[in-house]
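Residue numbers (my numbering), protein chains in the order written: chain L, 1 to 384; chain P, 1 to 384; chain C, 1 to 384; chain X, 1 to 384; chain D, 1 to 384.
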């Protein structure tokens with residue numbers, strides 16, 4: 001089965017099961033859970049590894065970033081939920097990876113759901129050409145993904161839930177990824193703005209990371225469109241329709257994830273929740289700008305994919321025309337000639353031409369003239 | 001006749017018949033009426049079977065759920081309507097199974113109309129792979145449905161009317177179904193939230209059941225799209241257009257039922273009717289989320305069905321191309337050869353070649369060379 | 001000329017003619033005018049036949065329904081206009097049968113324009129299967145309609161203007177129809193709600209009649225779509241495109257009449273004009289519901305007509321494929337055989353095979369083997 | 001070059017030229033300027049011919065209509081502009097014939113821009129069948145129009161600027177036309193409402209003239225669609241696509257002119273400018289109604305043109321099918337027969353059949369039977 | 001790679017790089033930076049060339065226009081940014097040439113982003129036919145553009161950032177262009193309105209320049225559409241689909257730049273920022289009008305490009321039809337004739353016709369008659 005086509009059956013809210021039971025819901029098996037704890041303030045950043053979140057220092061002069069990846073260990077996630085006093089419904093939503101992007105404001109925290117989209121390319125990560133100090137490394141197929149890898153680029157979307165409290169940020173990724181490595185590095189940088197500002201700025205940085213990652217995905221799709229374009233104009237590949245179809249579906253899948261995100265960010269800016277400072281709102285505006293830009297590109301990709309289909313159809317017709325022309329030229333040239341040969345192959349007792357000395361050369365000449373006239377006609381028609 | 005295509009002629013309001021006369025209106029004959037009475041509060045749940053609703057205990061410390069299925073027994077339904085003091089227009093609407101999803105607020109009750117959609121698959125129920133404790137059992141063709149069962153999945157929609165009063169809920173299903181068995185089971189569970197909260201929560205649970213059921217329907221359609229995709233790309237089935245057409249119509253039928261439901265639920269949340277507590281509104285928000293998610297899936301299915309049509313058209317063209325190529329290759333190779341044979345079949349008295357000793361092998365050679373040139377030409381054109 | 005295609009040239013307001021001159025405007029010659037006068041109150045209903053509307057009883061305890069059909073007799077209509085003190089512009093609008101559905105509020109009356117749509121089917125009325133007591137009889141082609149009747153269903157739209165005053169209703173139909181016979185019958189029924197309520201309720205009943213009639217039209221179109229579907233899938237009728245085209249145009253014509261009506265009714269409900277009681281507004285809401293339902297059906301019909309076109313195109317391609325296959329199979333089997341025959345028809349002096357005893361059977365065998373290989377190839381390709 | 005395709009390069013505001021320089025801007029050379037002065041009040045109408053507008057009587061009991069046609073004489077137009085104290089920007093707009101329909105309110109006057117659309121038909125005016133007293137005469141190609149006249153109907157649009165002041169109306173037509181002859185005639189009629197009401201009514205009458213003229217254009221396009229329909233269904237004309245394309249472009253051009261006009265008139269009604277009395281607003285509502293009606297017709301024309309394209313495509317496919325069938329029938333009947341003849345044309349020494357007495361008739365019979373079987377097969381396939 | 005397809009990867013905000021680092025972002029290498037300084041007031045205009053912007057005269061009675069083109073010299077741009085006290089985010093935006101058109105209001109200045117679009121045509125600038133005194137010179141390919149020049153017109157978009165302060169305007173062009181030469185000339189003209197009004201008027205003039213330039217681009221595209229139309233109707237070019245595809249993409253690219261600009265200008269007018277006087281707002285209204293006009297043209301171009309595709313498809317079908325007809329006519333005429341010749345080429349011992357004296361002429365006659373009948377049949381079918 002190809003990705004993006006399976007329907008999200010929200011089992012936790014399935015008929016018969018009371019809402020509120022905590023189980024993982026999603027298309028894939030949950031990835032093993034890894035938790036990293038960061039404490040930072042303007043002066044220092046330390047990574048801790050407490051056995052339990054409650055062991056984290058209760059200092060109010062540091063901010064905390066709990067970075068959870070993989071949702072398999074429900075107990076661990078419950079612990080963190082308890083530590084952050086999350087509402088049961090929020091915990092359910094974190095574990096259900098079929099959420100639409102949205103944000104919800106609670107008394108103690110802000111809950112934001114995003115979708116990380118990555119391109120997976122036959123077992124190899126894309127984005128290899130990125131600058132080294134970016135530390136971007138778009139990972140290939142995880143073992144837990146049972147997807148077959150073929151030549152096309154497959155889009156894999158993973159859910160990212162962000163909890164923003166007064167004292168820190170907690171991020172839940174659906175599976176381990178290197179997308180936030182750059183953030184971790186900047187966090188350890190003394191002059192980094194992340195350390196100077198509050199957790200709302202960290203939330204913005206994570207969101208920005210996700211949105212910037214979309215640009216990489218788009219770049220990859222753009223390359224694929226160019227490849228497709230060449231193949232289609234060459235007209236050598238008969239299975240090109242499947243690629244166009246896959247492209248269209250990928251674009252639709254992305255739109256499904258970007259559109260609600262746009263509304264989500266716009267809502268965040270408009271509603272000015274308590275946990276987001278005005279300074280950070282300015283930066284969120286920037287994210288919003290990027291999302292509009294992405295949407296423009298998306299729309300132009302969709303137009304292009306329609307255009308590719310039209311070129312393909314037209315190429316098919318052209319090729320048929322060419323095949324027909326070859327047949328027609330050969331057939332219409334030789335059929336009359338064969339007819340002339342047939343006439344003089346008849347066995348009538350009295351066929352005077354057959355006895356002429358120049359009969360044979362004359363017949364050959366007649367054939368050449370006929371063929372010549374045909375060729376001139378076809379040239380006039382611009383067929384040859 | 002196939003389902004979903006017959007027009008709802010609202011006969012009760014037909015010209016000549018005064019509005020207000022109670023008759024059943026719908027595409028099918030009404031199913032026989034079964035009524036079950038449940039009384040529940042935080043401590044206990046009992047199913048009663050009174051001869052008349054008035055015999056129900058007038059206790060104000062229990063809530064009542066009257067579960068009516070099948071609308072054939074108009075007298076019974078009138079009794080229940082009288083017991084709940086329903087407005088005549090509401091009773092008419094309950095009996096007319098061609099309603100759009102909507103809700104109406106009255107002084108004493110809230111009236112909500114939904115559509116249950118089920119997939120019917122050649123006499124067998126779908127959804128067989130569900131977990132057993134879900135007790136979901138999507139029933140096959142009822143005897144009263146005169147629909148022919150074929151390979152395609154037919155969608156059957158049944159109307160569900162919910163009356164929410166201060167003291168209970170009354171649900172009218174168009175025909176018997178097992179969709180609410182899970183709810184009945186949870187009702188008999190002591191720790192169930194249904195028993196702790198009021199009838200508005202029960203209304204939400206029923207609505208949630210209906211909406212969750214849509215996901216099953218969508219899953220089934222998704223499978224069918226994948227099947228169609230394979231058949232189309234194989235290109236072996238010529239009748240695939242009918243399947244695409246049926247798919248499109250099914251998607252349109254579903255949209256016709258989900259779109260107004262979305263507005264209905266949004267209206268319920270926005271207008272905050274008296275009978276719905278704030279707590280329940282939060283849950284309705286969840287239903288609303290699900291409906292948006294369904295809508296996203298629906299749109300992507302619609303795009304896919306268009307894509308399938310395009311693949312189909314392109315496959316047809318490809319196949320035509322292939323047929324033409326075979327014809328062209330065979331014809332253009334042999335026509336010149338036959339012409340050469342024809343020439344030496346002529347009966348001219350003086351054809352020197354005929355007398356040559358090597359005339360025959362030379363002619364055969366000329367034919368082989370001609371054929372070879374043709375084959376090279378076709379290879380250059382990538383036709384073979 | 002086919003119906004619905006002629007443009008309404010509003011001649012009364014034509015350049016050069018001052019606005020306000022009363023002449024009939026429309027695509028057809030006006031039908032002869034028939035006027036019926038009904039006086040009714042809660043106790044009694046009488047039909048009168050005064051020579052002049054002024055002779056109507058000036059009693060204020062009865063309501064009047066003046067039912068005008070046919071707009072040929074402009075003098076008569078002027079009389080009635082004077083009796084009801086209609087504004088000159090209203091009279092003009094009544095006589096101009098190219099109005100869009102709309103309503104206008106004046107000091108003394110409310111003016112409402114609707115479109116009655118009927119299906120005309122080769123000289124016979126549709127709707128024959130209706131219950132007898134409905135008295136619905138959709139009349140065939142009137143002599144004044146110069147339309148040719150063919151197999152398709154033609155839609156005929158007639159304008160209905162309703163004047164609602166404090167003391168009664170006056171309806172102007174473009175031509176005589178039986179659509180209101182049921183209303184007349186109910187008016188003579190003692191227990192009828194029409195008699196108990198004011199003229200605004202009568203206006204609602206007339207409007208409801210018109211809208212219910214649309215359902216009959218839709219049912220007829222639905223049947224036609226099913227017929228078309230069969231014809232298209234059979235693929236035997238080459239002129240099917242014209243039928244699809246006519247279907248699409250009919251759907252568009254209906255939409256042109258239903259969409260503004262929806263807005264009109266919504267406006268009536270929203271603006272709460274003086275002449276319409278709150279009780280009647282509830283009923284108008286019901287009409288509005290029906291119009292939404294009609295719109296849903298209309299949209300699904302439009303989608304279906306597009307689907308039918310796609311099936312048709314695909315069927316054409318399929319048929320071409322089949323034709324090509326037959327040609328290709330026959331040609332590619334026999335062309336090589338004929339070539340073999342041609343070879344042994346050559347007259348070379350020394351062709352050893354010709355002298356072999358088994359030469360002839362061997363040649364026949366070679367032909368059979370060649371044909372067999374071809375047939376196997378085609379079977380492998382699933383062409384035969 | 002065909003009309004409506006050249007882009008309006010607004011040269012006066014071209015880079016480098018300061019705004020405010022008065023030059024004519026447009027696709028065509030400006031037509032020579034003719035000015036007519038009318039003074040009218042309730043009692044009398046006189047046409048004057050002053051050398052300069054300042055010579056017009058300064059009476060305040062008459063209204064003035066300055067009717068300018070042709071924009072070549074910029075000096076004259078400046079004079080009139082000065083006489084009416086027009087803002088320089090307004091004068092620029094009058095001379096730039098690439099405006100969108102709009103209105104602008106100034107302190108002393110109201111400025112309204114409209115588009116007159118006329119149909120030009122191979123050198124002859126359309127609308128010939130109109131009643132004589134209408135005095136409508138849609139003029140043919142003016143010498144200054146360098147457009148080639150062909151069979152298609154060309155749409156020519158001319159700009160009309162109307163200046164409404166307290167004391168009169170000034171209309172600037174892009175070129176001389178007879179469209180307002182009816183207005184001039186009515187102005188000289190004693191009982192005409194134009195004379196009784198102020199200049200705002202005259203403005204309405206001119207606007208109404210323009211809008212009514214659209215109906216004539218639409219009628220002409222409607223006829224052309226019917227002609228196209230016949231040609232397409234006949235399928236005899238291969239160039240029909242160009243006509244469909246021209247039709248679509250014409251419809252788009254008209255829409256470009258009608259849509260902003262609708263907004264303009266709606267704005268006029270909504271904003272209630274000082275120069276327009278409430279009485280006239282009622283009449284403008286009528287114009288607005290007409291524009292909505294035109295829009296409905298336009299939309300249905302657009303749908304029809306799409307439908308025509310679909311019929312055309314389907315006709316092409318049908319014709320190809322027919323051609324292929326003829327080829328296939330002839331080829332598949334004669335190819336086997338020729339093969340049989342070929343066999344007995346072979347020169348094998350021992351072919352027993354050749355010596356049989358009935359060999360020849362038997363071969364002929366075999367051919368007839370083969371042909372018969374083929375014909376039966378084709379009949380079964382419904383090809384013949 | 002073709003233009004407009006590469007995705008803007010906003011590297012400065014790339015994961016890992018902290019926002020706020022000033023680097024150039026864009027599809028192309030930045031062009032070398034040229035700065036020109038103009039000081040002007042009502043009496044005089046002087047161009048200065050200070051080494052540093054701080055050396056500019058601090059006179060408050062002159063306005064300053066700093067015209068920067070090329071964004072390579074980041075240090076220089078930082079200097080100017082410091083001189084104007086620009087916010088770091090604004091500087092970032094100026095250097096990132098992938099912005100959408102937008103405006104932002106800051107305390108000290110207004111920031112406006114526009115897109116200049118130019119047509120590049122095989123190494124030569126378009127717009128050559130413009131009047132000389134316009135000084136418009138649309139430059140060809142700059143060396144820094146690595147785009148291959150072919151026959152199609154390539155659209156090149158360059159970003160223009162305008163900073164409007166109380167005392168002047170600063171414009172940042174992505175690369176050197178002559179688009180503002182006319183403005184510089186007018187600035188040196190004593191009577192120019194630019195000198196009389198403040199910097200907001202200069203901002204309007206620059207914006208107007210950019211928008212007017214769009215008209216030139218549109219004119220060029222219009223010409224290309226006409227060329228395409230001819231090529232398509234001729235049907236001689238098989239690669240026409242690529243041109244249609246490029247056209248569509250170009251139109252989409254332009255729309256992407258014009259649509260947000262429309263909103264931007266509308267926002268400027270609506271929000272009445274401090275730096276824009278009311279007088280200038282009137283002129284901005286004019287720009288807004290032009291943008292609406294451009295949008296209308298754009299939409300009609302898009303419709304035309306769809307129409308061109310339809311013509312192309314139909315032309316392809318027509319041509320195939322023609323090819324098939326030629327094949328069919330030749331084949332169906334000669335196949336029966338060859339069959340007759342084949343019959344009399346058979347070697348049966350007893351074929352009486354062969355011995356007839358007139359056997360040969362009779363056979364020839366039979367062939368002629370057969371051919372004649374075929375020809376008549378084809379004429380009846382209108383194939384020849």
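Glycine included, each C-beta is placed from N, C-alpha and C at the ideal position. Keep in mind the model is a prediction, meaning the values are calculated, not measured.
The distance from the Cβ of residue 36/P to that of residue 67/P is about 5 Å, consistent with a contact at the 8 Å cut-off. Segment contact: the region 273 to 281 of chain X against the region 273 to 292 of chain D, fewer than three CB-CB distances shorter than 8 Å; contact not assigned. In the DSSP assignment, residue 163/D is bridged to 111/D and 170/D. Following the DSSP letters along the chain, one finds residue 34/C inside the beta strand (DSSP E) bounded by residues 34 to 40. Annotation: the continuous beta strand (DSSP E) that includes residue 69/X extends over 63 to 69. At a beta-carbon threshold of 8 Å, the residues of chain C lying near residue 355/P are 349, ordered along the chain. In the DSSP assignment, residue 96/L forms a beta bridge with 25/L. Assignment of beta-bridge partners to residue 154/D by DSSP yields 120/D. At least 8 Å separates the CB of residue 266/D from every CB of chain X. The C-beta distance from residue 296/X to residue 256/C rounds to 5 Å, short enough to meet the 8 Å contact threshold. Taking the Cβ atoms as the reference, residue 248/D lies roughly 6 Å from residue 307/L, within the contact range of under 8 Å.
In this structure, DSSP gives residue 190/D a state outside helix and strand, which the three-state scheme calls coil. For residue 46/P, the enclosing beta strand (DSSP E) has its first and last residue at 45 to 48.
Contact fails between the region 260 to 269 of chain C and the region 334 to 350 of chain C, because fewer than three Cβ pairs, one in each stretch, are under 8 Å apart.
According to DSSP, residue 201/L shares a beta bridge with no other residue. Judged by DSSP in its simplified three-state form, residue 381/C adopts coil rather than helix or strand. Excluding residues up to 5 positions away in sequence, 195 and 196 lie with their Cβ nearer than 7 Å to the Cβ of residue 42/C in the same chain.
Only residues of its own chain outside the window of five on either side were considered, and among them 93, 113 and 159 have a CB closer than 7 Å to the CB of residue 99/P, listed in chain order.
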